[in-house]
Structure formats: structure tokens, C-alpha cells
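Report on one structure; see the data block that follows.
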Amino acid sequence: MKINIINAATDLGVHVDGSDKGPLILSHEIENNKKIDSIITVKKKDIIKSHDPKDLEKNLKYVNEFNERLYKEIKNTKDKGLFPLTIGGDHSLAIASALASIKTDESLGIIWVDAHGDYNTFATTKTGNLHGLPLAANDGLCQKLTAFHDGAYFKPENTVIFGGRDIDPWEMPVIKENHANLITTQDIKEKEISKLVKEAVTLATKNTNGIHLSLDLDVIDPVVAPGVSVPAKDGIDEDEFLNIVRELLKYKDQIKSIDLVEFNPTRDIDDKTKKIALKTLEILLEEL
Ligand SMILES: [Mn+2]
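For the sequence shown, this note's numbering assigns the number 634 to the initial residue and increments by one for each residue that follows.
Encoded structure:
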């Protein structure tokens, strides 16, 4: 299938700068790949970001403005019959990518490979960094972040956090009360990855038309992949991560859109994270 690469150049959802620089660095390295139909870039507006600790909706207007433009581009991509592979950027961009995908396919599940739950709401966030809310937003729990979307939301029962280990104590009840699914880093270390992936796919595809897959590089241990904005210690290693990606791609007929997010080149050491991100993109381009 021909792929459209969408550079989602934003860091407006996080207090740390730099993840907006990630997409162009990565897509530049793969631009000659024959599977790629086109590469487009959606750029954040240059603003002075809010760092007010009392501001619990940081840069909300600008995150929404960015996501509305990204949403249109990804919907266009799908309307043209191209596969959207979105490179981020902080994880708030996945509100646009996931909702654009479900807008076209009407009913989808979501597999969110991430150290964090990203399941805070405006009622629970303590920082107001909006990249901590996108999965809850995709499940329809943060209306202030999704006004540009007029389609269905994902259902918590078809929502799977994969690799979670750094989940806020006030966030966990939101996950539980809504019956979203959580597969932890501990599960990955103790169980067979192929079985966990199968379990995630089964949950995400139950009574849906497929899957939106969102890959956050911070699921990997920060010693191995330091180039992320919010590292979470005791993560999985590179082989485990790439194995998860390969196992997921065994179900590629079900996968309708993919994000690879949170590469922050200003935090990277010796291109460690860049190299893993590029390997991931190569696997995706090879298999899709
Ligand atoms: Mn994330």
C-alpha cells in the first residue's frame, strides 16, 4: 500500500521543547523509500509556551489549532486511499491522527504503546501538559480537545495501553472506571510478546473495523532511548520494542493508521533514539 508520511511538527503538548524538531530529521532519512507516495508537514504555530504551574490547559488553543489542521491532512490522506504514517511530535498530535482515522473507518479500536497512560482528563491533570490527555480525549472524555471532530470516538473497551508503567495515581481510576485495558511493562517482561499482542489486537478489533496504532518511543528504557521529553525508567529494551512492532504488523490488514511519536532530538545521546526510530520506520515501510 502506498504510504503518506505526515510530519506532525509540534511540542505544544509538553513543557519540554524539541519534539517538534523530530519528524523532519526522521522523514529526511527515509524520503527515497519507494513505498512513500508523499511527505507533508504540519507545523506548530510559533508561540511562547505557557509554563504557569496554575495553568491546567496549557496552550489549549494552539494545540487545537494544530490538531485541526493535522486532522484535515490525515482525512485527505485516507480519502485518497493512502495509508497515513504520522511522525511526531508530542503525543497530543494523536488526537488528530486517531480521530481522523476513525472518522473515515467509522469504528476502530486503538493500541497505545506507551510508558504513560495518557488517560488524564481536565479534571485529573496536575500539570496541564496536554500530551497527558490524548488517549482519554480519543475515548471522548476531553471535549475541549476534540471540537473539530464530528465522528465517533473510540470505546474504552477497544482501547489498549500497551507497556504502561508510569501511570499517575489519579489517572488509574479513570482507566479503571471507564474499563480501558492496560497491559503493563511488567507483563511484557514476564509473558510472551506474541500472546500479549494477540490479546491487544483481539480487544481492539472486537466489533470494530480495525485499529489505530500509536507508538510512543518513551515505552523504551531511557538508557537505551534517551531522546524523549518525559522519560520513564525501567522500560523495555530495543529488541522487545521492535518485536512488539513486528508482532503487531502480523495483523497489518487490521491496522488503518499509525503514529510514531515523542522523538526529541535535543534530548538524544549519540543518536541512540534516532537510530531506533529509523529502524522502526524501516520495519513499518517494509511490512505495510
Ligand atoms: Mn504518550
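Virtual Cβ for every residue (Gly too), placed ideally from N, Cα, C. All values derive from a computational prediction rather than experimental measurement.
Pro717 is bridged by DSSP to Asn637. Exclusion of the five residues before and after Thr758 leaves Leu689, Gly765, Leu766 as the residues of its chain whose Cβ lies within less than 8 Å of its Cβ. Here Val647 has Asp723, Asn762, His764, Ser862 as same chain residues with Cβ atoms under 6 Å from its own Cβ, once five neighbours each way along the sequence are excluded.
For Phe699, the three-state secondary structure derived from DSSP is helix.
One Cα belongs to Asp679, the other to Gly651, and the distance between them is close to 12 Å. Cβ-Cβ separation between Ala865 and Asp851: approximately 6 Å, consistent with a contact (criterion under 8 Å). For Thr760, the three-state secondary structure derived from DSSP is coil. Put simply, the backbone Cα of Leu726 is about 11 Å away from that of Leu778.
In this structure, Glu895 has its beta carbon less than 7 Å from a heavy atom of ligand 1. Distance from the C-beta of Asp747 to the nearest heavy atom of ligand 1 is below 7 Å.
The continuous stretches of alpha helix (DSSP H) do not include Leu774, and DSSP gives it neither H nor E.
Residue side-chain check: Asp751 places its Cβ nearer than 7 Å to a non-hydrogen atom of ligand 1. Taking a contact as a CB-CB distance under 8 Å, the pair Thr817 and Gly742 does not count as one, their CB atoms being some 19 Å apart. Secondary structure note for Gly742: it is in no alpha helix (DSSP H), and the uninterrupted beta strand (DSSP E) holding it is 742 to 746. DSSP, read as helix, strand or coil, puts His782 in coil. Checking the DSSP bridge columns, you'll see His845 partnered with Ile743, Ser890. Apart from sequence neighbours up to five positions away, the residues of its chain that approach Lys677 with a beta-carbon distance below 8 Å are Ala642, Thr643, Asp644, Leu645, Asp653, Tyr695, Phe699, ordered along the chain. A direct Cα-Cα distance of roughly 37 Å separates Gly784 from Lys822. Ranking Ile794, Thr719, Asp904 by CA distance to the CA of Asp820 puts Ile794 first. Cβ contact annotation for Phe874 (same chain, cutoff 6 Å, sequence separation greater than five): Ile853, in chain order. Between the beta-carbon of Leu914 and that of Ile663 there is about 5 Å, and that keeps the pair under the 8 Å contact cut. When only Cα atoms are considered, Gly860 and Arg900 end up about 4 Å apart. The C-beta of Thr710 has 16 or more other C-beta atoms within 10 Å across all chains shown, which makes the residue buried.
The Cβ atoms of Lys708 and Ala731 lie no closer than 8 Å to each other. For Asp892, the Cβ stays outside the 7 Å cut-off from all heavy atoms of ligand 1. Within the region 801 to 889, complete alpha helix (DSSP H) segments of at least 4 residues are found at 805 to 811, 818 to 823, 826 to 838, 871 to 882, given in chain order. For Asp644, the three-state secondary structure derived from DSSP is coil. Taking each of Val830, Asn771, Gln776, Gly750 in turn and checking the Cα distance to Arg798, the smallest one comes out for Gly750. With contacts defined by Cβ atoms closer than 8 Å, Ile877 and Val746 form a contacting pair.
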